[in-house]
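*Asks:* Below are the structure tokens for one structure; questions will follow.
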Amino acid sequence: MSEALPGERIEDKSLGDLVALASSNISGLVRAEMELAKLEIKNDAKKAALGSVMFAVAGLIGGLIVILLSIALAYGLVALGIWHWAAFLIVAGLYLLLAAGLIAIGYLRIRKIDGARRTRRTLRADLSMLRHRGEPDTPAPTE
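And the structure:
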């Protein structure tokens, strides 16, 4: 008897019945919200999967385009009078230089990683403050 029937007045129900009615309404609402969240997540997962497939296909096509343009560049060099083997070596050398440049840039970027120095410094200050009951033994970092 924890449901409010269409012709029934809520004012006539006992406190226990009202609590049971509220509890069932809340649990029904939570179940409905969870079902809605599941449906939305499932829909978003389908969209993300389709988007990922599109990106993968675009990446594959991009790779094929790079290969075709590389061959076209090599044959363009051949048309300028360079031997076939030398033209393809020149193109390969250009890619070698590009790869070396990207490796150097990546290496410099990785060397700049400081490992969360400010976080470690503030954590040490916080731990020190806790050990000394609120009085820091080192000044707080300023930035």
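Quick note on numbering: our numbering labels position 72 of the sequence shown as 1013, and the sequence is numbered without any gaps. Beta carbons are placed, not taken as given, at the ideal position from N, Cα and C, and that holds for glycine.
Can you say whether Ala-1040 is buried or exposed, counting buried as having 16 or more other CB atoms within 10 angstroms of its CB?
*Replies:* Result: exposed.
*Asks:* By the three-class DSSP mapping on this structure, what secondary structure does Ser-1011 have?
*Replies:* In this structure, Ser-1011 counts as helix in the three-state DSSP scheme.
*Asks:* Ends of the alpha helix (DSSP H) at Gly-1042?
*Replies:* First-last of the alpha helix (DSSP H) with Gly-1042: 1025–1052.
*Asks:* Output the distance between the C-alpha atoms of Gly-1047 and Lys-1053, rounded to the nearest integer angstrom.
*Replies:* Rounded to the nearest angstrom, the two C-alpha atoms are 10 Å apart.
*Asks:* So, helix, strand or coil for Lys-987, using DSSP?
*Replies:* Lys-987 falls in the helix class under three-state DSSP.
*Asks:* Mapping DSSP to helix, strand and coil, what is Arg-950?
*Replies:* Coil, per DSSP.
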